[in-house]
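**Student:**
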Amino acid sequence: MACGLFGALWANSSLSFGPSTLRNVGYVVVGLITCMQLWGSFDLRRQSRQITVANDPPSSVQKRTTRLFFAIFAAEFILIFAAANVLASQHATQYLMPVIAMVVGLHFYPLASLFRARQFYVTASVMTLAGLVGVLALSAHVTSNPVNVVVDAICAATLWLTGLYSWRSTMQLAHVDHRQGMK
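Residue numbers for the sequence shown follow the numbering used here, so the first one is 22 and each next one is one higher.
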């Protein structure tokens, strides 16, 4: 669900920098994609209720995973906040979206390891590279609006595809578990 919602934020940012003639169609497409991703998340949640799991208290591994997740998430937002302030103080806000893309991309590396989700390595690499290319393009004096449109669109598509892949993988695992439980 998070990939769908954050993908929508990136897509809306891309649309805000893009040509006005595409905005209305773009917002409809973003809305449809986001609704489909939300539907997939709710469908997974509905199916997960059918799985019987012992109501044991959280294990030390689960507690550690939760703590690390929130630490990674907090570090990401602190870095974004710091970058925004530094760039604003240097009158270089045109670099903000590519720098945020790099920070968000980099935060997926520890998440990939933490959750053993290999697809996050791809997400991390694509988003970090998109941000880096954006920074380099802006440093070469390319106009900021087209750079931001491309970086934001790449980040949106990457997050949506990550969400779709995660949903599909989870659905396959749920069906395998369900079939094994029937034997």
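Where is the CB? At the ideal position from N, CA and C, for every residue including glycine.
(1) Quick check for students: name the residue ranges of the alpha helix (DSSP H) that lie wholly in the region 127-175, counting only runs of 4 or more.
(2) Within the chosen definition, does the region 119-132 reach the region 83-102 through at least 3 CB pairs nearer than 8 angstroms?
(3) Out of curiosity, what's the CA-to-CA distance linking Q68 and M57?
(4) What number of angstroms, rounded off, separates the C-alpha of R139 from the C-alpha of A158?
(5) Using CA atoms only, rank isn't needed, just tell me which of T87, N106, A32, Q115 is closest to A161.
(6) Under 6 angstroms Cβ to Cβ from G28, same chain only, skipping five residues before and after it: list those, please.
(7) Quick one: what does DSSP say M22 is sitting in, helix, strand or coil?
(8) Where M203 and V163 are concerned, what is the direct C-alpha to C-alpha distance, given to the nearest angstrom?
(9) State the Cα-Cα distance for the pair T183 and C24, rounded to the nearest angstrom.
(10) Whose C-alpha, out of V51, L30, D64, is nearest the C-alpha of T191?
(11) Just the Cα atoms here: how many angstroms apart are D173 and T86?
(12) What does the alpha-carbon distance come out to for the pair N45 and K84?
(13) Is Q68 helix, strand or coil when you go by DSSP?
**Tutor:** The structure says:
(1) Secondary structure remark: continuous alpha helix (DSSP H) runs of at least 4 residues inside the region 127-175, in chain order: 140-160.
(2) Inter-segment contact for the region 119-132 and the region 83-102 is present: three or more beta-carbon pairs are separated by less than 8 angstroms.
(3) The alpha-carbon atoms of Q68 and M57 are separated by roughly 16 angstroms.
(4) In a straight line, the C-alpha of R139 is about 29 angstroms away from that of A158.
(5) Answer by Cα proximity: Q115.
(6) Correct list, in chain order: A177, L180, W181.
(7) Assignment of M22 by DSSP, reduced to helix, strand and coil, places it in the coil class.
(8) The pLDDT assigned to M203 is 47, lower than 50, so where the model puts this residue is not dependable, and the model offers no usable value.
(9) If you take the alpha carbons of T183 and C24, they lie about 7 angstroms apart.
(10) For T191, the closest of V51, L30, D64 by C-alpha to C-alpha distance is D64.
(11) The alpha-carbon atoms of D173 and T86 are separated by roughly 29 angstroms.
(12) Roughly 44 angstroms between the two C-alpha positions.
(13) Here DSSP, grouped into helix, strand and coil, assigns Q68 to helix.
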